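Chains as they are written, first to last, in my numbering: chain A, 1 to 311; chain B, 1 to 311; chain C, 1 to 311.
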Amino acid sequence: MKHFINTDEVEDLVALANEGLVLKKQGVGKKPGEGKVLTCLYLNPSLRTRLSTEIAARKLGMECINLAADSAWKLETRSGIVMDGDAAEHLKEQAEVLGRYSDIIAIRAFPLLKDAQEDYHDDFITRFAKYCDIPLVSLESGSLHPLQGLADLMTIQETKKVARPKIVLTWAPHPRQLPQSVANSFSRTIQQAGFDLTIACPEGMELSEEYTGQATLVHDQEEAFEGADYIYAKNWSSFHDYGRTIQRPDWTVTQEKMSRTNQGRFMHCLPVRRNVVVSDDVLDSEASLVGQQAENRIYAAQAVLKNLLSQ
Amino acid sequence: MKHFINTDEVEDLVALANEGLVLKKQGVGKKPGEGKVLTCLYLNPSLRTRLSTEIAARKLGMECINLAADSAWKLETRSGIVMDGDAAEHLKEQAEVLGRYSDIIAIRAFPLLKDAQEDYHDDFITRFAKYCDIPLVSLESGSLHPLQGLADLMTIQETKKVARPKIVLTWAPHPRQLPQSVANSFSRTIQQAGFDLTIACPEGMELSEEYTGQATLVHDQEEAFEGADYIYAKNWSSFHDYGRTIQRPDWTVTQEKMSRTNQGRFMHCLPVRRNVVVSDDVLDSEASLVGQQAENRIYAAQAVLKNLLSQ
Amino acid sequence: MKHFINTDEVEDLVALANEGLVLKKQGVGKKPGEGKVLTCLYLNPSLRTRLSTEIAARKLGMECINLAADSAWKLETRSGIVMDGDAAEHLKEQAEVLGRYSDIIAIRAFPLLKDAQEDYHDDFITRFAKYCDIPLVSLESGSLHPLQGLADLMTIQETKKVARPKIVLTWAPHPRQLPQSVANSFSRTIQQAGFDLTIACPEGMELSEEYTGQATLVHDQEEAFEGADYIYAKNWSSFHDYGRTIQRPDWTVTQEKMSRTNQGRFMHCLPVRRNVVVSDDVLDSEASLVGQQAENRIYAAQAVLKNLLSQ
């Protein structure tokens, strides 16, 4: 692969996930990243992503430099503009310079949730890639969170008891307006790996057709939970009425709903709002995989970085 | 030792201090921290602590990651709450994830100085430890600053001219409300190492009995200074009228007061307010050990980290 | 050399530039910085400087610690003051402690542009050096930006087609009040290396005589561009009417003006305001060297650090 902005460009995603699991067990061996630089550009806040990426890079022997966007000065992204306002630097120069300074660049740039076209096909990472000639890694783009998707796939690979588990992605309540990125990447990644997926959400909250793919769509959450091996909970704002949020407290994942599953495991990407997205008893139970998912972020990032370094 | 939250759990504190001094002289040798991660969580500002801890860790071969609290999002610490407000993540998840990402976690969490019980026995570090199964290091807790205490002990070990020097901890003025942590740790550490201690403070500013221990309590500062080999100055707010501050400019450490000592050395943990805590002439004199104390923070941290890594 | 605060103290600047170019080609070889600490103190924002310096240090094997000024607490710089206000620490203690923690300290401290004497001869770095006994590196001082000057010299060494190219430093428009530092360092460095320099600026915007040196001064920009091999554009505020700014949109560097040169290359230190300092077509043309200049910052810093480490 050239970049890692979405998982579509990964020829064999399962092999990449397995590579992550091997790295987890055997460590990095001789350090392929010695003398190489990863620069991480955070346009949005991050905890797990920042830590897991930095730890992954450093254990590979790479230097890792974290930059908060606008930490130095405001960036101009429009073309042909007379820069006599607030912005002191243009994206073009910043991308070129970071490209010259780094061997790989990783970028987190959340969607604005106002214009689906811009968020999905012309977001910050896409524009950055135009002026920068080295591998880019998405740390969450306008439409996807592929490292999360890869870590989630690794977690299912590690824990599944049957070859074809029933995997359910369920919409859950949240007080804020959130992107569809994590849900899109989970849906895409799981299906790309050859699993079946059921997506449960209130009417109007369906994901884009592009990322729904062949998933079975259900609007009755309890029906979806029947016999499930994995319940992946996540809130997202509407794609079809782009950015709209709804309040549906009846969609919180509870122990009672979990009892309909086949001793299903609970998954969430974190951070999670307790007793809004999911009840304390589910999150604190043995069924919860959230810590393991978070830990796998390190090895997902290592697998990706190692792969990019070996190009 | 399992954690390093207070020095009580250190079986032989002097041996640990001596180990720090050996590290200072001989360096770390082969790196025991290779491939290990120290995550430092700063809920409060830090200069010496951040730098000395990071340098200590890196020279041991560890990766060191610094996190400012709330740099990603607000943290919920209460149990059983419906998280529909500002806080996006619960302490439980953050502690579990940082535990999975790290080999050692270090935390700075100042007391709020409103409730002694909470600050002394149920502070942030105590609650964090409940959900995290790896060694923790206090970078200053609600009641203690044990790395400072260890560095101070190392400084006395390095400079003492007699086996049992007269050591005086004196309260000093300060415009702000400060914790008792540094004073508590100095008192505890010095006595734990077998030295006698005299504590001088205005009436009402006595430390807790728990941390006063066997120290000789004096309310007349000049009497305390007579024949002293070490004067350790520090402001703290009241323990017994919890958090109350007083203004006593007559308690500033001056050259004239120092002349009563036995060519006593001056100590302070820094940062220090010149001509409030201590006069320029004392701080700029040969008697001052403040730079050496600060330098010893590196080797105190190294001794502690090395010890925790070898468990 | 002892410090690197200005290039005057460098005995053979060209040799140092060449050393940078050798580092660029051959890498650092065995790491001379192993176990050494570079602490970078940023009193002002930085992107290229922070990244290039950190990358340079780490590739040399050094640890690099970045500190934002006032990130811990406000610093007092005046002498003899009673510190009962906002500032919690004095420059004296901070300089001594950072000196004990580090092997080299690098400082960025922009001028205030109110008092030329203070900015040019008694700035933060000068005062810091009084209390700190290890090598200092300027990451831009009150009057100079010597690492930029060195990188610019390296860029000319790499690209020049004749032994004595015509080099022009031209004032250019900018909406903000900027220091003279980059211009001063370019003028000084180029002349120190034995090149001739032409400086073009509106009347009243001449650099100090100290840094103008033997340069040919021209007030007609187009005349200056005639036959030039290099056009270095930069805005600066007035030295002689200290800190005054002027608006002269007719001084923007355009393609039409560049056509008067001898296929001249365009240089700028970045960040650059497009269509204010220079037009898009010049910046996006093959003539532009701005990316190469930025890249050379890494190797300029490496050459300087390596030299300081070998003292």
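A virtual CB, placed ideally from N, CA and C, is assigned to each residue, including glycine.
For clarity, every value in this text was computed on a predicted model and none was experimentally measured.
Flagged as an interface residue toward chain C: residue 46 of chain B, by a C-beta distance shorter than 8 Å. For residue 80 of chain A, the chain C residues whose C-beta falls within less than 8 Å of its own C-beta are 275, 280, listed in chain order.
Around the beta carbon of residue 145 of chain A, 16 or more other beta carbons sit within 10 angstroms, so the residue counts as buried. Collapsing the DSSP output to three states places residue 277 of chain B in coil.
Contacts with chain C at 8 Å (Cβ-Cβ) include residue 100 of chain A.
If you draw a 10 Å sphere on the C-beta of residue 238 of chain A, you find 16 or more other C-beta atoms in it, and that means buried.
Between the alpha carbons of residue 212 of chain B and residue 226 of chain B lies a gap of roughly 20 Å. For the region 50 to 71 of chain C, the set of residues with a beta-carbon nearer than 7 Å to any beta-carbon of chain A comprises 51, 52, 54, 55, 58, 59, in chain order. The beta carbon of residue 106 of chain A does not come within 8 Å of any beta carbon belonging to chain C, so the residue lies off that interface. Scanning C:191, C:169, C:176, C:178 for the CA closest to the CA of residue 198 of chain C turns up C:169.
Excluding five sequence positions before and after residue 214 of chain C, the CB atoms of its chain that fall closer than 7 Å to its own CB belong to 191, given in chain order.
Counting other Cβ atoms within 10 Å of its Cβ, residue 229 of chain A reaches 16 or more and is therefore classed as buried.
Chain B has a Cβ within less than 8 Å of the Cβ of residue 271 of chain A.
Closer than 8 Å to the CB of residue 303 of chain A there is not a single CB belonging to chain C.
The three-state reading of DSSP puts residue 77 of chain A in coil, since its state is none of H, G, I, E or B. Listed in chain order, the non-local C-beta contacts of residue 69 of chain A below 6 Å within the same chain comprise 43, local neighbours out to five positions each way being set aside. The region 146 to 166 of chain A makes no contact with the region 109 to 129 of chain A: fewer than 3 CB pairs, one atom from each, lie closer than 8 Å.
Any Cβ of chain B closer than 8 Å to the Cβ of residue 194 of chain A would place that residue at the interface, and such an atom is absent. Residue-level contact by beta carbon holds for residue 295 of chain B and chain C, with a gap shorter than 8 Å. Shown here for residue 57 of chain A: same chain residues with a beta carbon closer than 7 Å to its own, the five before and five after excluded, namely 33, 38, 64, 305 in chain order. When 9 Å is used as the limit between beta carbons, residue 298 of chain C is near these residues of chain A: 100, 101, in chain order. According to the DSSP assignment, residue 300 of chain B belongs to the alpha helix (DSSP H) that extends over 290 to 309. When secondary structure is reduced to three states using DSSP, residue 65 of chain B falls in the strand class. Short of 8 Å from the beta carbon of residue 265 of chain B, and not among the five residues preceding or following it, lie these beta carbons of its own chain, in chain order: 159, 229, 230, 231, 287, 288, 289.
In the three-state reduction of the DSSP assignment, residue 58 of chain A falls in the helix class, which pools H, G and I.
Residue state for residue 205 of chain C is assigned as coil, using DSSP reduced to three classes.
Under the three-state reduction of DSSP, residue 121 of chain C is assigned to helix. For the pair residue 141 of chain B and residue 152 of chain B, the CB atoms are not nearer than the 8 Å cut-off. Under the Cβ distance rule, residue 291 of chain B counts among the residues neighbouring chain C, one pair being separated by less than 8 Å.
At a cut-off of 8 Å between beta-carbon atoms, residue 175 of chain B makes contact with chain C. Bounds of the alpha helix (DSSP H) holding residue 150 of chain C are 146 to 159. Taking 8 Å as the CB threshold, residue 203 of chain B stays off the interface with chain A. Spatial neighbours of residue 83 of chain C in its own chain (CB-CB distance under 6 Å, excluding positions within 5 residues in sequence) are listed in chain order as 76. Relative to residue 293 of chain A, the option among A:181, A:73, A:148, A:172 whose CA is nearest is A:148. A distance of 8 Å or more separates the beta carbons of residue 270 of chain B and residue 253 of chain C.
Secondary structure at residue 244 of chain C: coil, using DSSP grouped into helix, strand and coil.
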